[in-house]
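Engineer: Let me give you the structure first, and then I'll get to my questions.
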Amino acid sequence: MPTAVIALKLTDAVPQIEGDYIGVDKGTVALLAHGIKAKLAIGDFDSVDEREMQQIRENIPEVISLNPIKDDTDSEAAFNEAVRRGYDRIIFLGALGGRADHTLINLRLAYQHPGLVTLIDEQNTAEAFIPGTYEIKKEDHAYISFFTEDDAEISLEGFKYPLSHCHLTEKDLFTVSNELNQAVGHFTIHHGTVLMIQSKDKEQ
């Protein structure tokens, strides 16, 4: 299956990602403004006006309207719909920042689904990893942080602050804002699940 690119909220730029775009609520309108017609629009659409809703109905082949009184967020509903349709990679655009409660839910979605969910915004990329050794390249994200929600063990090579078989718990915060000190680094998850967040400072 191709990648599902779920647009929650967008500002100036839309990353060019190969896949099927799914607009969530106001994110659908932002996609249309950038010339991208989503394959699906989903949400309770409480943040769009009547003109925008008409624009969505006229341009998007499938629209799923949700009851605003529900137990999950629009991003969760979009994720569940993408999983139901068989996508094996799901990228969220605009899933970080904004409302803190929604950001936390999106980060937990990524943590609970390593290898499936990636979160991207203008400054950050977040995804989770299970045991294995992974390569990371020095690109435009200057800072790299690692977190776990339970117990994990991690090693870092090629980093400014290397680690060897370091035990992490949900209480540990010292693995924030690390950096690569060479072009390519490696990190190994010996056990547990680890959330990696790559960040950069906001451009002035």
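Residue numbers for the sequence shown follow our numbering, beginning at 282 and rising by one. Every residue, glycine too, gets a C-beta built ideally from N, C-alpha and C.
#1: Helix or strand or just coil, what does DSSP make of Val-457?
#2: Rounding to the nearest angstrom, what Cα-Cα distance links Phe-360 and Ile-425 in this structure?
#3: Under a Cβ-count criterion, where at least 16 other Cβ atoms within 10 Å of its own Cβ denotes burial, should Met-477 be classed as buried or exposed?
#4: Tell me which residues share the same chain as Val-305 and place their Cβ nearer than 7 Å to its Cβ, disregarding the 5 neighbours each side in the sequence.
#5: When you compare each of Thr-429, Leu-400, Val-344, Ile-345 to Ile-470 by their alpha carbons, which one comes out closest?
#6: The alpha helix (DSSP H) that contains Ser-356, what's its start and end?
#7: Please list the terminal residues of the continuous beta strand (DSSP E) segment that includes Lys-418.
#8: Could you spell out where the beta strand (DSSP E) holding Val-305 opens and where it closes?
#9: Report all residues from its chain with a CB closer than 8 Å to the CB of Val-465; omit the five preceding and five following residues, and keep chain order.
#10: DSSP three-state call for Gln-485: helix, strand or coil?
#11: Whose C-beta lies closer than 7 Å to the C-beta of Lys-452 among residues of the same chain, with five residues either side of it excluded?
#12: Restricting to Cα atoms, I'd like to know which of Asp-327, Val-329, Gly-308 is closest to Ala-319.
#13: To the nearest angstrom, how far is the alpha carbon of Glu-434 from that of Ile-337?
#14: Which stretch, first to last residue, makes up the beta strand (DSSP E) that contains Gln-479?
Structural biologist: Let's see:
#1: Three-state DSSP puts Val-457 in coil, outside helix and strand.
#2: Approximately 25 Å between the Cα atoms of the pair.
#3: The C-beta of Met-477 has 16 or more other C-beta atoms within 10 Å across all chains shown, which makes the residue buried.
#4: The beta carbon of Val-305 is closer than 7 Å to those of Ile-287, Ala-288, Leu-289, Ile-323, Gly-324, Asp-355, Ser-356, Ala-359 in its chain, skipping five residues each way along the sequence.
#5: Closest option to Ile-470, judged by alpha-carbon separation, among Thr-429, Leu-400, Val-344, Ile-345: Thr-429.
#6: Where Ser-356 is concerned, the enclosing alpha helix (DSSP H) stretches over 355 to 365.
#7: Run containing Lys-418: 413 to 418, per the beta strand (DSSP E) assignment.
#8: Note, Val-305: beta strand (DSSP E), 301 to 305.
#9: If you ignore the 5 residues before and after Val-465, its C-beta comes within less than 8 Å of the C-beta of Glu-416, Ile-417, Lys-418, Lys-419, Gly-439, all in its own chain and listed in chain order.
#10: Model confidence at Gln-485 stands at a pLDDT of 48, short of 50, so the residue's coordinates are unreliable; what they give is reported in the following sentence. Reduced to three states, the DSSP call for Gln-485 is coil.
#11: Non-local beta-carbon contacts of Lys-452 in its own chain, meaning distances under 7 Å to residues more than five positions away in sequence, are absent.
#12: Ala-319 has its Cα closest to that of Gly-308, out of Asp-327, Val-329, Gly-308.
#13: So the two alpha carbons sit approximately 46 Å from each other.
#14: Note, Gln-479: beta strand (DSSP E), 475 to 480.
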